[in-house]
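Data block below; observations after.
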Amino acid sequence: MRVGFIGLGSQGGPMARRIAEAGYPTTLWARRAATLEPFADTGAVTADSPAALAAASDLVCLCVVGDADVREVALGETGVLAGLAPGSVLAVHSTVHPDTCRELAEIAAAQGVSVIDAPVSGGGPAAASGRLLVMAGGPADVVERCRPVFATYGDPIVHLGDIGSGQATKLLNNLLFTANIATAVSTLALGKELGIDPDRLGEVISHGTANSFALGRVVAGGGTVDRLAAHAGDLLRKDVGLIAELAGAAGVAPGIVLDAADATLAVMNRPR
Numbered sequence: 000m001r002v003g004f005i006g007l008g009s010q011g012g013p014m015a016r017r018i019a020e021a022g023y024p025t026t027l028w029a030r031r032a033a034t035l036e037p038f039a040d041t042g043a044v045t046a047d048s049p050a051a052l053a054a055a056s057d058l059v060c061l062c063v064v065g066d067a068d069v070r071e072v073a074l075g076e077t078g079v080l081a082g083l084a085p086g087s088v089l090a091v092h093s094t095v096h097p098d099t100c101r102e103l104a105e106i107a108a109a110q111g112v113s114v115i116d117a118p119v120s121g122g123g124p125a126a127a128s129g130r131l132l133v134m135a136g137g138p139a140d141v142v143e144r145c146r147p148v149f150a151t152y153g154d155p156i157v158h159l160g161d162i163g164s165g166q167a168t169k170l171l172n173n174l175l176f177t178a179n180i181a182t183a184v185s186t187l188a189l190g191k192e193l194g195i196d197p198d199r200l201g202e203v204i205s206h207g208t209a210n211s212f213a214l215g216r217v218v219a220g221g222g223t224v225d226r227l228a229a230h231a232g233d234l235l236r237k238d239v240g241l242i243a244e245l246a247g248a249a250g251v252a253p254g255i256v257l258d259a260a261d262a263t264l265a266v267m268n269r270p271r
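In numbering that gives the first Met the number 0, the protein residues as written are 0 to 271.
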């Protein structure tokens, strides 16, 4: 399978490298030439547009930031769908609204192209070691065709259901992570008021039943959310806003998890 990859950031870059180093014919495109320089030691080639990349690919993976970026790269005059041949696949690794993937799938189907949503979780280190969590939505047979490529950087690879289900699952994951940040900060602050050193409390909880990934990030940040806010605050606000929108459209009350996530965003000075 020939693979094209767009979105060579801190997570996408290691993903693309894993694909190329696994021996798949790989084509890359980026707005800035400097982004492509780290791949000079791989067998990957570069294209001068997303359409040209797509024309050389059976599977195109997008790992750009948001909905607008996905639409621009996929649907522009020289976008991915302008170059993909019938029978090829577009996989959206970005975390976006499920409807964005459904819209792309509908447009792509008219030209015989399949779209799956496959957001990922774990960050650059997990991608580099092949341990990303891949949450896939779309036709089962298409997901299975792509699974060997995904397996170069992902484990586990979970098929959730129809197109959009991968995105909904990723948003729920990020909602709970965001909520857990608030509860972790509050617990460490309460412990401090009761005379328990936050670092020691964090060490104990990290070995107990209340441990969480969020707690680890808060403890690593010295008990505050400043580092997390700088690194991921805007993305978390985007994702919490998307899942709140999904729940509202479905007429579902999100419950206390959304309240806790909103508390985190408020502490980060990034209210939705």
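Each residue gets a CB set at the ideal place from its N, CA and C atoms; glycine is no exception.
Check A135 in the structure and name its three-state DSSP category. strand
If I follow the unbroken alpha helix (DSSP H) through S164, where does it start and stop? S164 to E192
Just to confirm my understanding: we take V112, look at its own chain, exclude 5 residues before and 5 after, and list those with CB closer than 6 Å. What are they? L83 and S87
Run the CB neighbour count on G221, radius 10 Å, all protein chains shown included, and call it buried at 16 or more, exposed below. exposed
Proximity below 8 Å, CB of T99 to CB of D238: no
DSSP three-state label for H158, please. strand
Option nearest T223 by Cα separation, candidates A249, P253, I180 and G153: I180
Pairs of beta-carbons, one from the stretch 241-256 and one from the stretch 163-173, closer than 8 Å: are there three or more? yes
So the candidates are A33, P13, A19 and L27; which of them puts its Cα closest to the Cα of G42? A19
Throw me the rounded Cβ distance for the G184 and V266 pair, which I believe falls under 8 Å. This sequence places Val at residue 184; Gly is not what is there. With 8 Å as the limit, V184 and V266 qualify as a contact, their Cβ atoms being about 6 Å apart.
Since I believe I5 is in contact with V63 (beta carbons under 8 Å), could you give me their beta-carbon distance rounded to a whole number of angstroms? 7 Å
Please confirm whether N173 and L131 have their CB atoms less than 8 Å apart. no
Using DSSP bridges, identify the partner residues of I5. W28 and L61
Return yes when the Cβ of V2 is within less than 8 Å of the Cβ of T34, no when it is not. no
Starting from the C-beta of D57, find all residues in its chain whose C-beta is less than 6 Å away, skip the five residues before and the five after it, and write them out in chain order. M0, R1 and S87
Give the straight-line distance between the Cα atoms of A107 and P85, rounded to the nearest whole angstrom. 9 Å
Round the Cβ separation of V114 and L74 to the nearest angstrom and send it over; I've been treating them as touching at under 8 Å. The Cβ separation is near 12 Å, so there is no contact.
Hey, W28 and A39 are a contact pair by Cβ (cut 8 Å); roughly how many whole angstroms apart? With 8 Å as the limit, W28 and A39 do not qualify as a contact, their Cβ atoms being about 15 Å apart.
Which word fits V287, buried or exposed, when buried means at least 16 other C-beta atoms lie within 10 angstroms of its C-beta? Here the chain comprises residues numbered 0 to 271, so residue 287 is not present and cannot be evaluated.
Which of helix, strand or coil does DSSP assign to I195? coil
Using the rule of at least 16 other Cβ atoms within 10 Å of the residue's Cβ for burial, across every protein chain shown, is F212 buried or exposed? exposed
L187 classed as buried or exposed, judged by whether at least 16 other C-beta atoms fall within 10 angstroms: buried
Could you give the C-beta distance for A127 and P13, rounded to a whole number, given that I count them as a contact under 8 Å? 4 Å
Would you list, in sequence order, the uninterrupted beta strand (DSSP E) runs of no fewer than 3 residues that lie entirely inside the stretch 32-109? 58-61 and 88-91
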